[in-house]
Every structure is written in structure tokens, then in C-alpha cells.
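These notes concern the structure reproduced below.
In the working numbering, the protein residues as written are 193 to 518.
In C-alpha cells, the structure reads:
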């Protein structure tokens, strides 16, 4: 009898917890929501987050605040969210660096990106670009590959740093095309692009948005984009994936929405539906495209599958090309 009474007590307790949790989730949101951006204000991830947050505020009828927590290549902001209370009021808009690239290159982070963060939606992505100073006698990636093969060791490419997605893109190109182009790491994209513009380095692999204006004035030549197809922001520029044998070549900067592990599933579902709605609105799509970002807005399952492929790609290249974070 005592055992039966104990079982009934446990069942009652668990039932009460479930009812309380359901009631709590049903009231969501009843206070401001924070979206953490793990980078300083003014960058690409920040711009996407603020565009998204403004519209989410209107849809959910509650304040959605963007908070920047920069440092450690995005790890500080990601760790803050991973360790936040999973109550549906703290989310992360992440880039590949803190979720896939850094960990694949051996960066030690105080959280488990696969288990401590739940993927909700891939909001959008922007390709990297392979950009050349005008003195480089190549107008596209095909011509540069021929040039680099004829002059092994002569050319180098700058990136925002060791272990960055840009280094992965460069080393993958070296491996697949059989090139010997030296990697030169900088401390950020701005100095790498500045040296490419000044001719101190012949090639830079960086994010696309800051290069658009320079390409239009002829100060730099965009040889290719690294997405699987051409970018609508630069439709005249070919994708590396168009080349023979390069079909699987794909590296992008993406912006994805994550929640802390154990966030209630009904909250995740509501936010996923709201996110899909936002990204499909023409005004938001136009805004994202103006930032050089291709809108996506997929489901949690689709985003999860995408991340698995990203992990596989980056981990493989890290081992084959001995890429390690600083």
C-alpha cells in the first residue's frame, strides 16, 4: 500500500509540473525577449539581428531587445546563452564561427555547441568572396587558378585569422584545385581587406558586404563567391562551385537562431513559425538582400540537418589541412 501511495504521489507531482510548465509556456511571451549577438554592433550578424528583432517585436507584441556580448570569436555570447535559463526569453543569433568553425578547428569553448544550443531557424546566409587587387592578372577564379598553378608559391591570400571560415575556404580551394597559395592570417577582416585594397597582399578571402562598394569602383576584383550558387547581390560573379570538380565547394557566413537547451518545445515551435513568417515577408527579404544576405528561414529540422553537414565539412578539412584555432 505504501508503494502504491508513493507511486501516486510521484505521478501527481510530475503531472503538476507538466501542467505548470504548459501554463507557463502558454503565457509566453509576457515580458521582453533578449536576442544575444556575440559580436560588436555594426557588423553583419548584428544588422540581421536588429532587422529580425524589430519585426519580431511587432509579431509577438513584446519588446525584443538585441544585446551585444562580443569576445573570443563569438564564444562569450554563445556561452551566455548556453548557460541561460531555458525559459524562452534569451536566444542567440549565431554565425558559423562560434557554433561550427571554431570547435572544428580545436577552439576550446566552455559550452557544447551540439548539445547546449537548440537550432531554431537559419535566417539567412551570405557568401564569402575571393577578392584580388587589380594588379593580379586575373578577372575570375578560373583565370586565377591557371595563374596560381603556373606560379606555385608566388601568391598568398589574407583572411580574418587562423581557424576562420575564410581559411577553410582558402585551404579547401588549395586542396581541390591543387594550388600552393599561402595563407596570411590577419586580426580581423578589416585589415585583411585593407591590405588587399592597398596591394600589400594580392588576394583576400572575406565576407561579401564590405567588398561590394570597392568592387563597383574598381578598387578590387571579385574573382568568385564561395556559395553553392551565384549571389543575387553580385549575379555577374561566378561561384567557385561552377567550376569542374568543384560542385561540393561551399562556404558561407550564415546567421542562425538558437535557444538554450531544454527550452519548452511549444515556445520553440511558436518562435520557429514566427521566424519563417518574418523571413518570407517581402520587406524583410528586401532588407536582408540589401545587406548581401540571402533569406532562408527554414525549419528546426532543416537547420539541424544543415548544421550536421557543416560539422562534417569543416571537421574533415581541419584534419586534412591541419587547421587549428589560435
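Ideal placement from N, C-alpha and C gives every residue a C-beta, glycine not left out. On a predicted model such as this, the values are computed, not experimentally measured, just so you know.
Residue i versus residue j - alpha carbon distance
i           : j           : result
residue 412 : residue 396 : 10 Å
residue 487 : residue 284 : 18 Å
residue 478 : residue 248 : 16 Å
residue 470 : residue 289 : 25 Å
residue 237 : residue 229 : 7 Å
residue 493 : residue 242 : 25 Å
residue 520 : residue 497 : Outside the shown range of the chain, which is 193 to 518, sits residue 520, and nothing can be said about it.
residue 309 : residue 422 : 31 Å
residue 214 : residue 462 : Any reading at residue 214 needs caution, since the residue's pLDDT is 46, under 50, leaving its predicted position unreliable; the model's value is listed next. If I take the Cα positions, the gap works out to 13 Å.
residue 406 : residue 359 : 22 Å
residue 216 : residue 250 : Here residue 216 scores only 45 on pLDDT, less than 50, and its place in the model should not be relied on; the value that follows carries that caveat. Distance between the alpha carbons of residue 216 and residue 250 is about 21 Å.
residue 342 : residue 368 : 16 Å
residue 234 : residue 475 : 21 Å
residue 245 : residue 255 : 9 Å
Per-residue DSSP class, three states only, for residue i
i           : result
residue 378 : coil
residue 295 : helix
residue 319 : strand
residue 213 : Annotation note: pLDDT 46 at residue 213 (below 50); position unreliable, no value reported.
residue 244 : helix
residue 517 : coil
residue 251 : helix
residue 304 : coil
residue 199 : Confidence at residue 199 is low in this model, with a pLDDT of 44, below 50, so the placement of that residue is unreliable and no value is reported for it.
residue 371 : coil
residue 362 : helix
residue 483 : coil
residue 268 : helix
residue 350 : strand
Beta-carbon proximity check, residue i vs residue j, cutoff 7 Å
i           : j           : result
residue 271 : residue 302 : yes
residue 287 : residue 445 : yes
residue 253 : residue 232 : no
residue 223 : residue 257 : no
residue 415 : residue 337 : no
residue 426 : residue 318 : no
residue 355 : residue 267 : no
residue 495 : residue 327 : no
residue 316 : residue 438 : no
residue 509 : residue 364 : yes
residue 293 : residue 506 : yes
Whole-number beta carbon distance between residue j and residue i, since they are thought to touch under 8 Å
i           : j           : result
residue 378 : residue 351 : 7 Å
residue 282 : residue 273 : 6 Å
residue 468 : residue 484 : Their Cβ separation, rounded to whole angstroms, is 21 Å, which puts residue 468 and residue 484 out of contact at 8 Å.
residue 240 : residue 460 : Their Cβ separation, rounded to whole angstroms, is 20 Å, which puts residue 240 and residue 460 out of contact at 8 Å.
As an exercise, report each continuous beta strand (DSSP E) stretch of at least 3 residues that is fully enclosed by the region 379 to 459, in chain order.
395 to 399, 413 to 417, 444 to 452
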